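> Residue 257 in numbering that gives the first Met the number 0 sits at position 258 of the sequence shown, with consecutive numbering throughout.
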Amino acid sequence: MLSFALDFGSFAIKGGAKYYAWLLFLLFFVLVGSYTAYIQLTEGLIVTGATDQISWELFIANFIFTAHVAAAAVLVVAPGYMYKRKDFKEIAVLGEIIAMCFVATGILFILFHMGRPDRLWHLLPGIGVFNIPNSMLVFDVIVLNVYLFLNVVAVFYLLYKKYIGSETLGKWYTPWIYLAIAWGPLIHICTSFVLSSNARMFSWATAVLPFAFLSMAGASGPALIILIFLLVRKYTKLQIGDSVIDLLTQMIVWSLGILMLVLGAEFFTALYSSAEHAASLKFNMFGHNGLDMYVSSFWIIMALIVGSFFVLLIPAVRKSYNFLLPLVCLEIFLVILVEKPLILVFPAFSPSPFGEYTEYYPTLVEYFNVMLVWAIGFIALTLVTKGAIGILTGEVKYAKASASR
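1) Could you tell me if W55 is buried or exposed, where buried requires 16 or more neighbouring beta carbons within 10 angstroms of its beta carbon?
2) According to the neighbour-count rule (16 or more other Cβ atoms, all chains shown, within 10 Å of its Cβ), is Q39 buried or exposed?
3) In terms of alpha-carbon separation, which member of E358, M301, G376, G256 lies closest to H287?
4) Using three-state DSSP, classify L290 as helix, strand or coil.
5) Spatial neighbours of F7 within its chain, please: C-beta separation below 6 Å, excluding the five flanking residues on both sides.
6) Short of 7 Å in beta carbon distance, which residues of its chain neighbour K13, apart from the five on each side in sequence? Order them along the chain.
7) Indicate the three-state DSSP secondary structure (helix, strand or coil) for A16 in the structure shown.
8) Starting from W175 and walking both ways along the alpha helix (DSSP H), at which residues does that stretch end?
9) Quick check: the region 301 to 317 against the region 23 to 38, are at least 3 beta-carbon pairs closer than 8 Å?
10) What does a CB cutoff of less than 7 Å around A66 pick up in its chain, not counting 5 residues either side in sequence?
11) Is G217 near A71, with beta carbons less than 7 Å apart?
12) State the Cα-Cα distance for the pair Y234 and V252, rounded to the nearest angstrom.
13) Between G32, S295, V243, I63, which lies nearest to A211 when the distance is taken from Cα to Cα?
14) Among G15, V46, S9, Q249, which one has its Cα closest to the Cα of F367?
15) I need the straight-line Cα distance from V243 to R232, nearest angstrom please.
16) Take I300 and list the residues in its own chain whose beta-carbon comes closer than 8 Å to its own, dropping the five residues that flank it on each side.
17) Buried or exposed: where does A20 fall if 16 or more other Cβ atoms within 10 Å of its Cβ makes it buried?
18) Can you check which of these residues, A91, F348, L237, R118, is closest to T392 by C-alpha distance?
19) Using only the alpha-carbon positions, how far apart do A153 and G169 sit?
20) Measure the C-alpha to C-alpha separation of S401 and E166 and round it to an integer number of angstroms.
21) Can you give the Cα-Cα distance for I388 and V75, rounded to whole angstroms?
22) Locate the alpha helix (DSSP H) running through R115, then write down its first and last residues.
23) With burial defined as no fewer than 16 other Cβ atoms inside 10 Å of the residue's Cβ, what is the status of E95: buried or exposed?
24) Can you tell me which of L110, V395, I378 puts its alpha carbon nearest to the alpha carbon of L23?
25) Taking buried to mean at least 16 other C-beta atoms within 10 Å of its own C-beta, is V128 buried or exposed?
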C-alpha cells in the first residue's frame, strides 16, 4: 500500500509547463482564500452578504451545483457496467473520481455555510443529535457522505488492483458499483427536498424541482466531463474514443430538452393563474419597483439554455471535438453554475414574510472563499485524475508485478 501511495503521488505531481501553470493558478486562490477563510472563521458570517432577508449565501448555491456534477458522474459509470459498453467501462473510474471530488467540494461549501464548522460534531451519529425525520438536511448529509464513501472505496480499490496487476473481485465490486450508480440520483433528490420542504419559498415549493435538478445535472455534468475527457486524450496517453464523447453529448441534448419542458411547465403553472405563489418568479423575470438585478440574467440564462439545445442538434457542432463542442460545453457548465444563485436561490427569498423585496450582494471575502473551495476541488480532481491515468495506461505499476512478467 505504501508503494502504491508513493508511486501514485509521484506520478500525479509530474507534468509539463502547462500542468504546473494550472496547479499554480489554483494554488493562488488557495493562498488568498486561506486568508479570507480565516476572516470568516474569526468574524462570522457577517463578512458575507447574508442578511435577515436572504440568509443563504453563494456557498449554498455552489453546493447545489456541485451536487449536479457529482450525481451526473454516474452517466459515465452506468453505460460501462449496466450496458456493457467497453469504451465506457475502461474509463469508468474517471467518472467515479469526478463524483468523489465534487461531493467533497460540496461538503466544503456546506462547512463554509455553517458559520461555525467547529460545531460539526452535532451532526455526528452517537455524539450529536440527528433530527430524524423532521430535518431534510440530516438526510442530505447522510446520502452525501455515503456517496462519497462508495466512490472513494470504488476508485482506490480498482486503482490498487490495476497497480498490482490483479483482477477485481467482481462478486462484491460490481454490486458496489451498482449501489453507487443508484445512489447518484438520490443525493440530488434529497438536495432538492431540502429546498422544496421550505414551504414559504414559493418558487421552491414545487413537485418538479427534483426533475429540474436531475435534468440540469444531466446537462452540466456531462458538459464538464466532456471537457475533461477532451483534455485527457489530448495531453495524456489514455485513449478515450469519439463514441464516448458522442454519447455524452446526446445525454446533454436529452437533458436540456427535459429541462426546457420542466421549466416551461413550471412557468405556465405559476404565471397563467397569476396566483400569489408566482411572486418570486415574477420578481426574477420582471423585477419589482426598480429592483431588477436578476431580470437580465434570467432572460440571458433562459436564452442560452434554449440556444444550447438547438445548437447541439447540429451534427457538425457535436463532431467539432477541438473547437465548437468544447465551447458549447463550457457555456452550458457556466450557465447552469450562474443559474444557481441568480435564479434558483437569491430571488426565492423575495418577497419575505413581511412582503419585502431585496437583492443579494456578495462580499469580496465571500467570493474568495468560494474560489478557495473550487480551487481545492479542482486541485484534488487534477491530481487524482493524473495519478489514475498513470495506472490505467500502465505507466505506474507495482515493480514486483511488472518484474514477474
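All residues carry an ideal CB built from backbone N, CA and C; glycine is no exception.
In this text, all values refer to a predicted model and were calculated from it rather than measured experimentally.
Reading off the structure:
1) So W55 counts as buried.
2) Counting Cβ neighbours within 10 Å, Q39 comes out buried, since at least 16 surround it.
3) Ranking E358, M301, G376, G256 by Cα distance to H287 puts E358 first.
4) Strand.
5) So the list reads G386, once near-sequence residues are dropped.
6) Result list for K13: empty, nothing under 7 Å.
7) Three-state result, A16: helix.
8) Run containing W175: 169 to 195, per the alpha helix (DSSP H) assignment.
9) No, the region 23 to 38 does not touch the region 301 to 317.
10) So the qualifying residues of the chain are G105, I186, H187, T190.
11) A contact, by the Cβ cut-off of 7 Å.
12) Distance between the alpha carbons of Y234 and V252: 27 Å.
13) Selection G32, S295, V243, I63 evaluated against A211 yields I63 as nearest (Cα-Cα).
14) For the residues G15, V46, S9, Q249, the minimum Cα distance to F367 belongs to V46.
15) A straight-line Cα-Cα distance of about 12 Å links V243 and R232.
16) V334, V337, E338, L341, I342, listed in sequence order.
17) When all chains shown are included, A20 counts as exposed.
18) Out of A91, F348, L237, R118, L237 has the C-alpha closest to the C-alpha of T392.
19) Distance between the alpha carbons of A153 and G169: 12 Å.
20) In this predicted model, S401 has a pLDDT of only 49, less than 50, meaning its place in the structure is not dependable; the value taken from the coordinates is given anyway. Cα-Cα distance, rounded: 15 Å.
21) Using only the alpha carbons, I get a separation of about 16 Å.
22) Counting along the chain, R115 falls outside any alpha helix (DSSP H), and DSSP gives it neither H nor E.
23) With 16 or more neighbouring CB atoms inside 10 Å of its own CB, E95 falls in the buried class.
24) It is I378.
25) Around the beta-carbon of V128, fewer than 16 other beta-carbon atoms lie within 10 Å, marking it exposed.
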